[in-house]
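To keep things clear, I will list the structure first and then write my remarks on it.
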Amino acid sequence: MRLLIVGNRKHQLIRGLISEIKQYYKLNNKKVIIDVLSQEIEDVKKSDEIFDNVYTLRLPKILGKFRTLRGLFKQLLFRYRVKSLLSNYDIIHVHYMEDIILRDVDCFLKNIEGKLVVSVWGSDFLRATKEKKEKILKLLNQAKFITISNSKIEKSLRNYYKESLLNDNITTNYFIIEPLYVLNEIKKKYTKEESSKHLSLDNNRIIVTIGYNASIMQQHLKILKVLEQEDKLKYHRNKIKIVFPVTYPKNEPYIKKIKEKAKKSCYKIEFLERFMTNEEVAHLRNATDIMVQLQTTDMLSASMLEHLYAGNKVITGNWLPYDELRDMGLVFDSVDSIENLPLTLLNAINKINLDNNNNEEIINVFFKKDLLVKKWTKLYNIKNEKGN
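Numbering-wise (the numbering used here), the sequence shown opens with residue 30 and increments by one.
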């Protein structure tokens, strides 16, 4: 079988998934070649430890100063890759419906001779404009399978497209969250205090981690604002330390705004900016006591699951599609708006030593690696008929 992944080669969820799929096929004595078409514009190796062949959109350095020309050249190079690559594969698997695909969606679909699988990540549909959603529909209707990570996304798709969405092959597939397995080992070896020390955090305070990246969608500024407005919470400011993991994406102007706001805060705040290994991320989960997850949209937050697995209290937004996690039995707090965060956080602080959930055991059941891998490979084990 020849499989082409169209997505971010560097994303840990994609790399973790493909690594396990390759291992599964190897253990079952099945030959598989898995390549990737990634949007990277820098020069990279033609293969890596995960993918057999890596295809990128490397641009001539001379275009560096010409934004319009750079964008045009990148789109033309993508079209060239599509025409030269797609017909060579049994399966084309799109992870996240990027703009570069949607701009050339007709060309993209015309060149597929094998099966198309589309994984809707959430924000790629939820944040799309009306024009983009029309192009997304073309992708979805030609796909053999559509994968999602929660049923709310399926409801959103069907509510928006109604009868126009002709595809009934929508399946819930959870990603293999490799950091969970790293975290499991870290938890066995280190206490919360030792993990805090490993990251040079203050192990004498309650660690409150806000979000998991530097995206503006994490609403850092709004969160800081409401935390400063509640006197009852501010009374406990010497008990807590707020941590902002902002290692990616590289959004210096936005990070600068958060830092400027943090300087005026009455709380002790620390920023984690440099790249973190899986082990360091696991230490952060283990060191944290409370995680605040209030981004604007999401599908399934791997970071949030890791915090729940670590035994941390999690506060999230009722607008996020986490009903399925509650249905599994996972326990976490929710707020209807960011304005409700301070008192909910205060309640979590007051109950910091109370542990009355089975989150770790539940995650072990629902996110068992072997079961997840088998469900993904079932998407690929289908008789190949051109255009179907």
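Quick reminder that beta carbons are idealized off the backbone N, C-alpha and C, glycines included.
Counting C-beta atoms within 10 angstroms of its own C-beta, Y264 has fewer than 16 neighbours from the protein chains shown and is therefore classed as exposed. Closest in C-alpha terms to K139, from the list K161, V61, Y210, R108, comes R108. Here DSSP, grouped into helix, strand and coil, assigns T220 to coil. Approximately 7 Å separates the beta-carbon atoms of I378 and K268; this is inside 8 Å, confirming the contact. Within the same chain, Cβ atoms closer than 8 Å to the Cβ of K75 are found at N82, V83, the five residues on either side in sequence being excluded. For R31, the enclosing beta strand (DSSP E) has its first and last residue at 31–35.
When the Cα atoms are used, I391 and M357 turn out to be separated by approximately 7 Å. Secondary structure note for P350: it is in no alpha helix (DSSP H), with a DSSP letter that is neither H nor E. Just so you know, the alpha carbons of T97 and Q104 end up roughly 11 Å apart. Take I206, set aside five residues on each side of it, and the residues of its chain with a beta-carbon closer than 8 Å to its own are L42, G45, A331, L334, E335, F396, in chain order. Under the 10 Å beta carbon count, Q52 is surrounded by fewer than 16 other beta carbons and is classified as exposed.
DSSP places P274 inside the beta strand (DSSP E), whose first and last residues are 269–274. CA-to-CA, the gap between I367 and R87 works out to about 41 Å.
By the Cβ-count criterion, P282 is exposed, with fewer than 16 other Cβ atoms from all chains shown falling within 10 Å of its own Cβ.
Around the beta-carbon of F273, 16 or more other beta-carbon atoms lie within 10 Å, marking it buried. Taken in chain order, the complete alpha helix (DSSP H) segments of 4 or more residues contained in the stretch 51–122 are 96–114. In the three-state reduction of the DSSP assignment, T373 falls in the helix class, which pools H, G and I. With contacts defined as CB atoms closer than 8 Å, E299 and K270 qualify as a contacting pair. Assignment of M320 by DSSP, reduced to helix, strand and coil, places it in the strand class. The alpha-carbon of V149 is positioned some 20 Å away from that of L400.
In the three-state reduction of the DSSP assignment, S185 falls in the helix class. Per the C-alpha coordinates, the member of I177, C136, R314, I34 positioned closest to Y118 is I34. A straight-line Cα-Cα distance of about 10 Å links M305 and L313.
Here F154 is buried. Its C-beta has 16 or more other C-beta atoms within 10 Å. Using a Cβ-Cβ distance cut-off of 8 Å, the stretch 171–185 and the stretch 193–211 are in contact, since at least three pairs of beta carbons, one from each stretch, lie closer than that value. Distance from the CA atom of L115 to the CA atom of S193, rounded to whole angstroms, is 26 Å. Where S332 is concerned, there is no enclosing beta strand (DSSP E), although the alpha helix (DSSP H) around it starts and stops at 331–338. If you look at E390, you'll find it isn't in any beta strand (DSSP E); it sits in the alpha helix (DSSP H) that goes 388–395. When DSSP states are grouped into helix, strand and coil, L145 belongs to the strand group. Here DSSP, grouped into helix, strand and coil, assigns S225 to helix. DSSP, read as helix, strand or coil, puts S363 in strand.
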